[in-house]
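Asks: In the working numbering, the protein residues as written are 42 to 357.
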């Protein structure tokens, strides 16, 4: 595997520049309708939502048409575009039922139990590296198949506030123990959760801007991913597992666990080498699972933006 080239991202992250389409009132209404009419009936509205994005969201449509041919290996049709937006809407809709612990509605297949179970039983904490690929929320439903599973989430402070507000709007009793980044005690909170034996998840495919990036080969072209999550894992000296909760249609999900790296025994002098290997492995898995479930990629912006202006190379 080729090693990623680290760079500094100069422009503000494009996904941060996009206006938020949802609001808490709409979330309350959607939650109320979904929980009272049931999943089967309320799910019919998803077709209208998907059609709306196809017709009236040119930026998202352009991003989808930029991504889909890379993952599908062929030209994307309007049917592919519609299916992409429908899959996104379906995972958001299912989040309501997962937060309300209505797990019997779903058929969930777990791949990689041999990877995650020994780490759970060790009770020493694990970092889960995900992406905006499928549903991270589906982790809530697999506790019955993986006894001892305790999950928390780390994310940027603005997103943490939104997630906490969303959880409260859907179910005031629901909590995933969201840890906001950007506070003085953020790392202390993160280390404490790991010391309690929790699985702490983070989505590591987006930058917040003005942070070190790695230039990688993703779906046949050059993309950039942040290196911060991997360096944080190295500092915390914990095992790191890739996780993807893929929506497979109707009520079916596949949850995949793959080993990324184990920093718990990494000598200080080899840390950089292991970080680079983990980034390369992460990219390899993104390539693998975007091709396996191409309609699960939920980065609706130009992920493969041109790099000369956006990246300043720091080392080869």
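Heads up, the beta-carbon is just placed ideally off N, CA and C, and yes, glycines get one too. Fair warning: this is a prediction, and the values are worked out from it, not measured in the lab.
Can you tell me whether residue 116 is buried or exposed, with buried defined as 16 or more other CB within 10 angstroms of its CB?
Replies: Taking the chain shown and counting its residues from 1, the one referred to as residue 116 is at position 75. The residue in question, residue 116, is exposed, as its Cβ has fewer than 16 Cβ neighbours within 10 Å.
Asks: Under 8 Å Cβ to Cβ from residue 87, same chain only, skipping five residues before and after it: list those, please.
Replies: Stepping through the chain shown from its first residue, residue 87 is reached at position 46. Once the five neighbours on either side are set aside, the close Cβ partners of residue 87 are 127, 130, 131, 134.
Asks: Buried or exposed for residue 327, please, with buried defined as at least 16 other CB atoms from any protein chain shown within 10 angstroms of its CB.
Replies: Here residue 327 corresponds to residue number 286 of the chain shown, with the count starting at 1. Burial call: buried.
Asks: Exposed or buried, residue 338, counting other C-beta atoms within 10 Å across all chains shown (16 or more means buried)?
Replies: As a position in the chain shown, residue 338 is number 297, starting the count at 1. Counting Cβ neighbours within 10 Å, residue 338 comes out buried, since at least 16 surround it.
Asks: For residue 97, collect the residues of the same chain with a Cβ closer than 6 Å to its Cβ; drop the 5 residues on either side in sequence, then sort them by chain order.
Replies: As a first step, residue 97 is located in the chain shown; it is residue number 56 there, counting from the start. Here the set comprises nothing.
Asks: Would the region 314-324 count as touching the region 176-183 if we require 3 or more Cβ pairs under 8 Å?
Replies: The region 314-324 is not in contact with the region 176-183.
Asks: Report yes if the C-beta distance between residue 273 and residue 166 is below 8 Å; otherwise report no.
Replies: Residue 273 sits at position 232 when you count from the first residue of the chain shown. Residue 166 sits at position 125 when you count from the first residue of the chain shown. Cβ distance not < 8 Å, so residue 273 and residue 166 don't count as in contact.
Asks: Among 280, 80, 194, which one has its Cα closest to the Cα of residue 141?
Replies: Position 100 of the chain shown, counting from 1, holds the residue named residue 141. Residue 80 is the option with its Cα nearest to residue 141.
Asks: Distance check for residue 73 and residue 64, CA to CA, integer angstroms please.
Replies: For this step, residue 64 is matched to residue 23 along the chain shown. For this step, residue 73 is matched to residue 32 along the chain shown. At residue 64 the pLDDT is 49, less than 50, meaning the model places this residue with poor confidence; the figure from the coordinates comes in the next sentence. Residue 64 and residue 73: Cα-Cα distance of roughly 14 Å.
Asks: So the beta strand (DSSP E) residue 152 belongs to, where does it begin and stop?
Replies: Taking the chain shown and counting its residues from 1, one reaches residue 152 at position 111. Residue 152 -> beta strand (DSSP E) spans 148-152.
Asks: Entirely within the region 231-310 and at least 3 residues each: give me those beta strand (DSSP E) ranges in chain order.
Replies: Correct list: 240-244, 253-259, 262-267, 280-288, 293-303.
Asks: Could you pull out every residue in the same chain whose Cβ sits closer than 7 Å to the Cβ of residue 279, ignoring the five residues on either side in sequence?
Replies: As a position in the chain shown, residue 279 is number 238, starting the count at 1. Taken in chain order, the residues that qualify are 166, 167, 168, 235, 304, 305.
Asks: For residue 340, which residues in the same chain have their Cβ closer than 6 Å to its Cβ, ignoring the five residues on either side in sequence?
Replies: The sequence position of residue 340 within the chain shown is 299, counting from 1. Hits under 6 Å: 173.
Asks: With distances taken Cα to Cα, identify the nearest neighbour of residue 283 among 320, 164, 137.
Replies: Counted from its first residue, the chain shown places residue 283 at position 242. The shortest Cα separation from residue 283 among 320, 164, 137 belongs to 320.
Asks: In whole angstroms, what separates the C-alpha of residue 84 from that of residue 294?
Replies: Counting from one through the chain shown, the residue named residue 84 turns up at place 43. Counting from one through the chain shown, the residue named residue 294 turns up at place 253. Near 16 Å, if we compare the C-alpha coordinates of residue 294 and residue 84.
Asks: Based on DSSP bridge pairs, tell me the residues matched to residue 167.
Replies: In the chain shown, the residue the question calls residue 167 occupies position 126. Partner(s): 240.
Asks: Just the C-alpha distance for residue 181 and residue 114, rounded to the nearest angstrom, thanks.
Replies: Residue numbering aside, residue 181 sits at position 140 when the chain shown is read from its first letter. Residue numbering aside, residue 114 sits at position 73 when the chain shown is read from its first letter. Each residue's alpha carbon lies about 33 Å from the other.
Asks: Mind checking whether residue 102 and residue 262 have CB atoms under 8 Å apart?
Replies: Working through the chain shown from its first residue, we reach residue 102 at position 61. Working through the chain shown from its first residue, we reach residue 262 at position 221. Not a contact, by the Cβ cut-off of 8 Å.
Asks: Between the beta-carbon of residue 171 and the beta-carbon of residue 223, is there less than 8 Å?
Replies: In the chain shown, residue 171 corresponds to position 130, counting from 1. In the chain shown, residue 223 corresponds to position 182, counting from 1. Taking 8 Å as the Cβ cut-off, residue 171 and residue 223 do not qualify as a contacting pair.
Asks: Which value, in whole angstroms, describes the spacing of the CA atoms of residue 162 and residue 183?
Replies: As a working note, residue 162 is residue 121 in the chain shown. As a working note, residue 183 is residue 142 in the chain shown. The alpha-carbon atoms of residue 162 and residue 183 are separated by roughly 15 Å.
Asks: In terms of residues, what are the limits of the alpha helix (DSSP H) holding residue 110?
Replies: Counted from its first residue, the chain shown places residue 110 at position 69. Element bounds for residue 110: 99-113.
Asks: Below 8 Å on the Cβ atoms is my contact criterion, and I expect residue 231 with residue 195 to pass it. Report the Cβ-Cβ distance as a whole number of Å.
Replies: Within the chain shown, residue 231 is the residue found at index 190, counting from 1. Within the chain shown, residue 195 is the residue found at index 154, counting from 1. Indeed, because the Cβ distance is near 6 Å, the residues count as touching under 8 Å.
Asks: Reducing DSSP to helix, strand and coil, say where residue 345 ends up.
Replies: The residue you call residue 345 lines up with position 304 of the chain shown. DSSP places residue 345 in coil when its eight states are reduced to three.
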